[in-house]
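If you read the sequence shown in this note's numbering, its first letter stands for residue 28, the second for the next number, and so on.
All C-beta atoms, glycine included, are put in the ideal place defined by N, C-alpha and C.
This one's a predicted model, so the numbers in the text were calculated from it and none came from an experiment.
What follows is a short report on a single structure.
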Amino acid sequence: MLTLLLGPVSFVFAQDADSPFTITTKRGGDQVKVEVETEKKCFVVRSSTGIGRAIIERNGTNWPKTVLVRLHLKGLENFRVSNGEDCLVAAVSHQDGKASLWMDGEETSLLDSQHPYWMKIRVVENEESPGQPNPSKDGWFQMQLPKALLEDDPKSIELKWIDFYR
Numbered sequence: 028m029l030t031l032l033l034g035p036v037s038f039v040f041a042q043d044a045d046s047p048f049t050i051t052t053k054r055g056g057d058q059v060k061v062e063v064e065t066e067k068k069c070f071v072v073r074s075s076t077g078i079g080r081a082i083i084e085r086n087g088t089n090w091p092k093t094v095l096v097r098l099h100l101k102g103l104e105n106f107r108v109s110n111g112e113d114c115l116v117a118a119v120s121h122q123d124g125k126a127s128l129w130m131d132g133e134e135t136s137l138l139d140s141q142h143p144y145w146m147k148i149r150v151v152e153n154e155e156s157p158g159q160p161n162p163s164k165d166g167w168f169q170m171q172l173p174k175a176l177l178e179d180d181p182k183s184i185e186l187k188w189i190d191f192y193r
């Protein structure tokens, strides 16, 4: 009998040899693609299991002025983004669509729009599900990462997500 034990597996994706980012995901069913616009980058996340993690490492000297994350999930039970020092946590209620944000370990102190780590979370729906608190199968959650998270140009950021409906 042959037994094969595998430790943690990572999947590394670079767009091409000149890519400004190297992206590593924890699971093979997770994908993170980069959409490039002038002065703006959007990391588009798709997850087959609804639970995942990605490390996005910049290959250049600076992060773009605007960094968006688009999560193709049905519900956002938990989203974490960390720059190695600070970790911002967010969730969107599956009942009323209300977003809550806090710094890791400070769940009782919700952030408001005046906080430097505040970020707006948009629920983007397709035409078939207007007015729903969570996107349908073709919708997504989109957020612009706070400038405070990237102002010291960390070498990498880590994204973690959990879908309500995994």
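Identified DSSP bridge partners for residue i
i	result
His99	Arg73
Asn105	Ile189
Lys67	Glu64, Thr93
Arg85	Phe48
Range of the contiguous beta strand (DSSP E) that encloses residue i
i	result
Asp57	57 to 64
Simplified DSSP state of residue i, which is helix, strand or coil
i	result
Thr49	strand
Gly111	coil
Gly79	strand
Pro91	coil
Gln42	Any reading at Gln42 needs caution, since the residue's pLDDT is 49, under 50, leaving its predicted position unreliable; the model's value is listed next. Three-state result, Gln42: coil.
Residue burial classification, residue i (beta-carbon count within 10 angstroms, cutoff 16)
i	result
Leu32	Bear in mind that a pLDDT of 40 at Leu32, under 50, signals an unreliable position, so the model cannot answer this.
Thr65	exposed
Asp139	exposed
Val116	buried
Thr135	exposed
Asp123	exposed
>> If we require 4 or more residues per run, which alpha helix (DSSP H) segments fall completely within the region 127 to 193?
In response: 174 to 177
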